[in-house]
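Asker: According to mature numbering (1 follows the signal peptide of the UniProt record, and there is no 0), the sequence shown holds residues -22 to -1, 1 to 116 in order. Beta carbons are placed, not taken as given, at the ideal position from N, Cα and C, and that holds for glycine. All of these numbers come straight from a predicted model, not from anything done at the bench.
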Amino acid sequence: MKLSIKQTVLALGLSASLLGLADAATATTTASANLYRTPAQNGQILRAVPRNTLLTVACTAGWCRTTYQGRGGYIAQSLMRPISKSPELTAPAPPKVYYVSCAALRLVKAAPIKSGQSGYRFGLDSNRNGVACDQGDR
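#1: For Tyr114, does the count of other Cβ atoms within 10 angstroms reach 16, so buried, or fall short, so exposed?
#2: Are Thr8 and Leu32 close, meaning C-beta to C-beta below 8 Å?
#3: Mind checking which residues open and close the alpha helix (DSSP H) that includes Leu83?
#4: Could you name the residues that DSSP lists as bridge partners for Ala3?
#5: Give me the Cβ distance between Arg15 and Gln22, rounded to the nearest whole Å; I'm assuming they're in contact under 8 Å.
#6: According to DSSP, is Ala54 part of a helix, a strand, or is it coil?
#7: Is it right to say Thr38 is buried, meaning 16 or more other beta carbons lie within 10 angstroms of its own, or is it exposed?
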């Protein structure tokens, strides 16, 4: 299979922007495929993707999330031939503890908390330094 420079650059660009290089997988379409807004065949069709198009994808539950011609959407996994692998998409585990505000966190003397610790969330880390409710946060 011969890919154009434009297709290769597009795939590499999607790797960095769509999923991050560590989580990116590539696949080609095995037939003309519809790009859907949602992972369902009764969803809105955004684009028709030609056969043998190289895409950066993340697949789970029979659907692959991808971007084609600037539109993000889903293609049925049965219409994709993997070129490289990536882990399945999974939602991050919800925090075991939820603090409404930094005031609540300080009230129970749990402040500050670092990213990755139970109870940390971006809403409590206004300065985005990875430490919630430190001296720079309200």
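Answerer: So, to answer that:
#1: One-based indexing of the sequence shown puts residue 114 at position 136. Sequence inspection shows Gly at residue 114; the Tyr mentioned does not correspond to that position. So Gly114 counts as exposed.
#2: In the sequence shown, residue 8 corresponds to position 30, counting from 1. In the sequence shown, residue 32 corresponds to position 54, counting from 1. No, the pair does not count as a contact, with Cβ atoms beyond the cut-off.
#3: Residue mapping note: residue 83 aligns to position 105 of the sequence shown, counting from 1. Here the alpha helix (DSSP H) through Leu83 covers Cys80 to Leu85.
#4: The residue given as residue 3 occupies position 25 in the sequence shown. Looking at the DSSP assignment, Ala3 forms a beta bridge with Val35.
#5: The count along the sequence shown starts at 1 and reaches residue 15 at position 37. The count along the sequence shown starts at 1 and reaches residue 22 at position 44. About 4 Å; that satisfies the 8 Å criterion.
#6: Working through the sequence shown from its first residue, we reach residue 54 at position 76. Ala54: strand per DSSP, three-state reduction.
#7: Indexing the sequence shown from 1 puts residue 38 at position 60. Under this definition Thr38 is an exposed residue.
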